[in-house]
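As structure tokens, the structure follows; a few thoughts come after it.
Numbering (the UniProt record's numbering), first residue to last: 1 to 296.
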């Protein structure tokens, strides 16, 4: 790779990420015509069209998608090489990009990041909170903290804590509607639904021994935000499916009661994910060790 090619790779990855000439210009501190000119020069040098231009947004051509994939891979390899060489330094240093889910990220991960930043002032931590599935490679995250196992075999997974899930409801709702004893009885109850990623909407999987029952439930309210559905359960709107980390204090105080404790739900254990590497950078090793110690 020619030395002058590396800035083009950074430029194109940024352009594809932002999806706009004007946004790229603002990020680089140049004018939009300068961005257009640079892109045209790249396309002329390569002899292919990389993007389709519109007044507001851009979209990648097939050649652009291929260029982006290889550019991202090359830049990641360069970063890995630099971090591998520097990993022997005693003081962790540099940018660390971490992704977590919004609710857990705000309440548990953000305070841990705060303590880590005090302990390692030369590490710059970017904490991004997203509900949607992410790609560590394509979105250039170093680490992701997620409930449940991810299917990507390229990632190393480290379990941070067990996290069982269960059905629960407020005492007021159970007093008014009665307490179900079997999965079939859920059909006549109001259930609060949490729309998450690609989960089958409105279908609950209940286990008892080796038997598994799929129950299609209904309710008057639903949301994609876990805090909202939990608050609706506290307000007496029905039965909700929640995990131990966010409902335990309400069960302990009596504001919620577990429903059908003889049945279990698939767990949502907490995992830390990162790309498999032979030599982890010092900043990643420090953060992983710090995070594991916090949860232990």
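Every residue gets a Cβ at the ideal spot worked out from N, C-alpha and C, and that includes glycine.
TODO: Please work out which residues of its chain come closer than 8 Å, Cβ to Cβ, to residue 25, disregarding the five sequence neighbours upstream and downstream, and give them in chain order.
DONE: 31, 32, 34, 35
TODO: Check whether the region 264-284 touches the region 206-226, taking contact to mean three or more Cβ pairs, one atom from each stretch, closer than 8 Å.
DONE: yes
Task: For residue 139 and residue 78, the rounded distance between their alpha carbons - done: 16 Å
Open item on the list: If distances are taken between C-alpha atoms only, which option among 42, 171, 186 comes closest to residue 8?
Closed with: 42
Task: Contacts around residue 198, its chain only, beta-carbon distance under 7 Å, and the 5 residues preceding and following it disregarded - done: Unreliable positioning characterises residue 198 in this predicted model, as indicated by a pLDDT of 47, which lies under 50. The coordinate reading is nonetheless provided below. Same-chain partners within the cutoff: there are none.
TODO: Take the Cβ of residue 254 as the centre, count every other Cβ of all protein chains shown within 10 Å, and call the residue buried at 16 or more, exposed below.
DONE: exposed
- [ ] Enumerate in chain order the residues of its own chain whose CB-to-CB distance from residue 122 is below 7 Å, with the five nearest sequence positions on each side excluded.
- [x] 91, 92, 93
Open item on the list: For residue 270 and residue 283, what's the separation of their Cα atoms in angstroms?
Closed with: 21 Å
TODO: Indicate the three-state DSSP secondary structure (helix, strand or coil) for residue 52 in the structure shown.
DONE: strand
- [ ] State the start and end residues of the unbroken alpha helix (DSSP H) segment that holds residue 163.
- [x] Residue 163 -> no alpha helix (DSSP H), and no H or E assigned at all.
Task: Cβ pair count under 8 Å reaching 3, the region 167-174 against the region 220-239 - done: yes
TODO: Hey, could you find the ends of the beta strand (DSSP E) residue 203 is sitting in?
DONE: 203-208
- [ ] From the DSSP output, read off the bridge partner residues of residue 249.
- [x] DSSP, once it has assigned bridges, lists no residue as partnering residue 249.
Open item on the list: Rounded to the nearest angstrom, what separates residue 128 and residue 59 at their Cα positions?
Closed with: 25 Å
Task: Delimiting residues of the alpha helix (DSSP H) encompassing residue 283 - done: 282-295
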